Amino acid sequence: MKTQFKYNFLTATFLLCISILSAQNNAIISAIKSETDRNRSELKIDKLKPPFFINYTILDLKRLYVSASEGSISRLIENTQRVGLSNLLVGDYDRNNSNFRQNYSPRNVIIEDDTRGIATAIWEDLDRTYKNAAESYEAKIATIAQQNMEEEELNLPDLEKTDPVTMIIEPPKINMDKAYWENFARKSSEILKKYPEILNSSVSINILDNVVYVCNTEDTKLVIPDPYYSVNVSLYTVTTDGQELSDELNIEHGTFEQMPSLQAFIDTCETFVKYFIELKNAPIITEAYTGPVLFEGMAVAEPLHSYFFQSTLIANRKSAGGQGGNNTEMMKDKKLVSRSLTIKSLSGTETYKGKKLDGYYPVDAEGVVPDKELALVENGVLKNMLNGRIPTKKIQHSNGHMRMNLNYMNPKITPGNILFTSNDTYSPDDLKKKLLAAAKEEDLDYAYIVRRYKNNRPLSIYRIYVADGREELLRGAVLPDFNLRSYKRMSGASNREFFYTTHSLGNFATYIVPEALMFEELEVSRNNNITFRKPFIVAQPSETEN
Amino acid sequence: MFSQTAFTQDQFIDILKTELNRNYAVLKDSPTPAYYVSYRVQDMQVYNVRASFGKLLYNSNPVQQRLFNIDVRVGDYEMDNTREIKGGGRSNDYSNNALVLDNNPAAIQKTLWRTTDQAYKDAVKQFENVKANVAVKVASEDKSGDFTKDSSEKYFEPPIPLKNFKFDVSEWEKKLKKYSEVFSDNKDVLSNMANLDFELVRKYFVDTEGREIAENEYAYRLHISISTTADDGMLLPLFLSYFAIDVKDLPSDAKILKDAKELSEQLSALRKASVAEAYSGPALMTAEAAGVFFHEIFGHRVEGARLKQESDAQTFKKKVGELVLPKDISIIFDPKLKKYRNMPLNGSYVFDDEGIRGQRVEVVKNGILNSFLMSRTPIENFPNSNGHGRAMIYFDNVTRQSNMIIETDSPKSEAELRAMLVEQAKNMNREYAYLFDKVSGGFTSTGRYMPNAFNVTPLIVYKIYVDGRPDELVRGVDLVGTPLAIFSQVEACGKDYGVFNGACGAESGSIPVSCVSPTLYIKMIETQKKAKSQNQPPILERP
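Protein sequences, first through last, are from chains S and F. Residues 23 to 568, numbered by the numbering used here, are exactly what the first sequence covers, in order. Residues 156 to 698, numbered by the numbering used here, are exactly what the second sequence covers, in order.
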């Protein structure tokens, strides 16, 4: 009953948001609407069930990609395409073909706003999808009939009912000025050529003017812009002992106004390249270490993104075939991490303390509006997980996180905005003192600070000496025992907040995290998987010619 | 249009040469010396326009990229790092190396230097593997070396700016919409696409033997495809394909529209056509189908480097000087030809991807096997390249085909060929024989471990009845067989000539080739039922 009330309320709210459909919106939405309605009422194969639910999504994709190296353009791509994606279900809300041998595969749709042409692509797609779905439904029923499933699992509906939502948002103006971005790429990449230590560098810019159109047979209609701006600088070098180092810096936002100016980006590149050269000249780690470790800035947010939001806090219903499922949900209402930690989803929140949050979205790909605030972990105890409309045993309602995903070109449960807080906070100075004190207590001469962390490895790790607080950058380290369980033994967090945005899962996710986070005990050791290459045989061209 | 004799440097070649020579000067004196290095670059600008049922499907500005490939050889011409590892299979690793588009010496040289270093180290490692393999395996049957000694040339074509082509995207969008609109009225057509690629490629090649080459290639490729599903689930595709080097050589709009209408009608007829059964007996192949047939069953078996591999069946290796085809048939490969009998050819080039001038090779003269297609991988009795080392920029070169021309000294008229076909069918007590009119392509296996067979995939096939009934369109057969058996059955050629301009896929990627052939009469062929989808046709009518 609670859920029902909620969606009635939302319907009332969002009906107010309907704006007049533009010609483009009109053609796409009316093509989806007419074709999904026709297919739902007429698609039928003898003896098999007809579809009861069709959700059709069209992604309008406009892309500008520019890359440059040392002041010259290396790649330029500018294109427009549309893809369509169907989700057609046979059966009913309680039992249907979802979560069983289901695969989404996008198909090309014409880029002109022609209702018949768009409908033709949808028709072809739905015919194929219906045949698969009808067969899959029968197979699923047969599979379930041969299993001794738990009553609780058997009674779970296959698709949660929700009320329709209509939301038409006019797309914002996207800066796809090729000349501007070409100049941006040339100028910013040019400054890197003055560093001979950098053996390869590039700046790449990716601008996406995307709009997601969704219509379903529940009468949901969505037109949601999903713009994306990214500037990236990537660097490569080889140390004197032959270790290959590469790193990249990404700045990703949803509006042009949030992006750095050319000069600001050049300054960022200069700072980054100086750090990278310092890393190249840094000694390789030689001693094993077990003790307190402080994470700072993006190194706080990235592991959170990897360890919590790629599987742990993502609800996943076990399929009727027995695959999948996420056992973390069995920990619901139990302690998952340190009681000092709280994790909230703010996906429905546009701004936080005056700052625009890129991870905000008004509605997900299934027509569910995300909560403004949803506690996932409260004082260390698991309370909820991100979910779509397929209920799981413990997470039975959608919280609007089935988002249209550009990496996979299909909907995927991903985080929007995440607020990660600690009730054990300190000023930055006090936290550093606490780190050194903890190291001293363990009879260690130094502790570690991780400042860059990506793909489950520390890219930038500093040794901080107990005696004088001196810091020393090192390379070649790994944190072999750092994982989700490490969050059970926390020693405190900064009382300042840090904002971090990433698009690595195919959607914007913004993390608001403590500026620093201290783990009670982690192992730091040398990475034994590094292959050290022999020195270059021929001298670098710039050293001899230029 | 181009000055092809005077050699004029351009800045980019200078940059390539500078870095090549700088690296080679050091690598040739290294403990494991490099004896050869080459840089191959393709500066590509590609337009792509697509439409379906009268509406645009995709839109892009020209994609520009400058890709390169480096060949470093250590050892010597007799034995180097490229030698086949016996028992190790053959690998042709994909590499995607890009240079900046401007002639920025510092950026280009740094990338070339870095990649050359890695290529050299890989070559040294592989050479050690080769030496160990030679030591532990039995001696090769073919005692030839690993790299030919060929004379070097310098060749320069002035660059052509893209704007010279006046490629008008909006005009092509209108054309493709018009072509694809033809199929909107035919509800049998379930999917359709009209696709145009215009490609301008400037190819550069420099090596340590003194070759310096800059050559332009450009072409328009228009492809119109449609498909339907028969009631038994068989997917039936048909297509039109046009190729031209100059835009004026593409057919007029009226001709393309007429072809498209006929294609549409043909698809509807094919949908209702009966399914052919497995068959053995005589057959005619139209010129276009015969071209694909020869490309698959003959062309791949005269690619020289393949004949050196111990794993290859080497069908023709020991047959030089022997009669392999009827005495009136000759087969020529000629990359220099841009047109044959006014038909534009897709497999043309001046220099191959090893910097060797493409040469006319009379592989079969009056039925007798004369020669092979050669890259810089020598084989016994064929110590030199004839300019057939080809590869996509991502792969290393291997011997590949170019423009294949089948010629006959005693062409027969269509009526004569039909008469021969019917006569043979009657002699074999067949009710009908087959006419293969149009094919989509084919494939063949030239190895020893799998049957040395071929498969040609016809799209349009007719039954020709011996009792004079009208020809009947049928569907659902593939033409199969083994090479030597089928060659002995090739009996006569027609007077007409047709061309199949397509892309051939093999170890060194997809490369453009042409096959020109007259209609072919074969005394005995074999067909098998085509694999088909089990899906029903669409439940609802197309909107």
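Just so you know, even glycine gets a beta-carbon here, dropped at the ideal spot from N, CA and C. Predicted model only: the values in this text are computed from it and were never measured.
Only buried fits methionine 540/S, as 16 or more other CB atoms lie within 10 angstroms of its CB. Below 8 Å, too few C-beta pairs join the stretch 285 to 296 of chain F and the stretch 172 to 180 of chain F to call them touching: fewer than three. Taking a Cβ-Cβ cut-off of 7 Å, the neighbours of tryptophan 268/F in chain S comprise Val560, Gln562, Pro563, given in sequence order.
As the crow flies, the alpha-carbon of phenylalanine 353/F is around 5 Å from that of tyrosine 375/F.
Isoleucine 288/S carries a helical assignment under DSSP once its states are collapsed to helix, strand and coil. From the beta-carbon of glutamine 103/S, the residues of chain F found nearer than 7 Å are Tyr213.
Chain F places no beta carbon closer than 9 Å to that of alanine 161/S, leaving this residue out of the contacts. In terms of beta-carbon proximity, isoleucine 196/S stays away from the interface with chain F, with every pair separated by 9 Å or more. Taking 8 Å as the upper bound on Cβ-Cβ separation, chain S lies near residues Ala253, Leu254, Val255, Leu256, Asp257 of the stretch 229 to 258 of chain F. Taking 4 residues as the minimum length, the alpha helix (DSSP H) runs contained wholly in the stretch 320 to 383 of chain F are 324 to 336, in order along the chain. At a cut-off of 9 Å between C-beta atoms, threonine 271/F counts as an interface residue with respect to chain S. Glycine 209/F places its beta carbon less than 9 Å from that of lysine 333/F. Across the stretch 48 to 62 of chain S, CB contacts with chain F closer than 9 Å involve Ala53, Ser56, Glu57, Arg60, Asn61, in sequence order along the chain. Following the DSSP letters along the chain, one finds glutamate 279/S in no alpha helix (DSSP H), marked with neither H nor E. Under the criterion of beta carbons closer than 8 Å, aspartate 147/S and glycine 106/S qualify as touching, at roughly 6 Å. Residue contact check for alanine 321/S against chain F: no CB pair falls below 9 Å.
Taking a Cβ-Cβ cut-off of 9 Å, the neighbours of isoleucine 95/S in chain F comprise Gln219, Val255, Leu256, Asp257, given in sequence order. Straight through space, the alpha carbons of aspartate 135/S and aspartate 185/S are spaced by roughly 28 Å. Excluding residues up to 5 positions away in sequence, Tyr652 lie with their Cβ nearer than 7 Å to the Cβ of arginine 496/F in the same chain. The Cβ-Cβ distance between leucine 358/S and leucine 368/S does not fall below 9 Å. Of Ile133/S, Asn238/S, Gly410/S, the smallest CA-CA separation from threonine 102/S is found for Ile133/S. Ranked by Cα distance from asparagine 272/S, the first of Leu83/S, Lys476/S, Glu219/S is Lys476/S. For serine 557/F, the nearest beta carbon of chain S is not closer than 9 Å to its own beta carbon. At a cut-off of 9 Å between beta-carbon atoms, tyrosine 191/F makes no contact with chain S.
Interface annotation, alanine 261/F: in contact with chain S, CB-CB separation under 9 Å.
In the structure shown, valine 236/S adopts extended strand secondary structure according to DSSP, grouped into three states. For glutamine 683/F, the beta-bridge partners assigned by DSSP are Asp633/F. Cβ atoms of glutamine 421/F and isoleucine 615/F come within 8 Å of each other, at about 7 Å.
Listed along chain S, the residues sitting closer than 8 Å to tyrosine 275/F by beta-carbon distance are Ile559.
Comparing C-alpha distances from methionine 198/S to each of Ile227/S, Leu221/S, Ile50/S shows the shortest one belongs to Ile227/S. Taking a Cβ-Cβ cut-off of 8 Å, serine 108/S has no neighbours in chain F, whose nearest Cβ is about 14 Å from it. Partner residues in the beta bridge of isoleucine 483/S, as assigned by DSSP, are Val472/S, Leu496/S. The count of Cβ pairs closer than 8 Å, one atom from the stretch 215 to 224 of chain S and one from the stretch 85 to 101 of chain S, reaches three, so the stretches are in contact. For aspartate 404/F, the closest of Asp633/F, Gly436/F, Leu500/F by C-alpha to C-alpha distance is Leu500/F. The count of Cβ pairs closer than 8 Å, one atom from the stretch 279 to 289 of chain S and one from the stretch 498 to 518 of chain S, stays below three, leaving the stretches out of contact. In this structure, serine 207/F sits near serine 346/F, with a CB-CB distance shorter than 9 Å.
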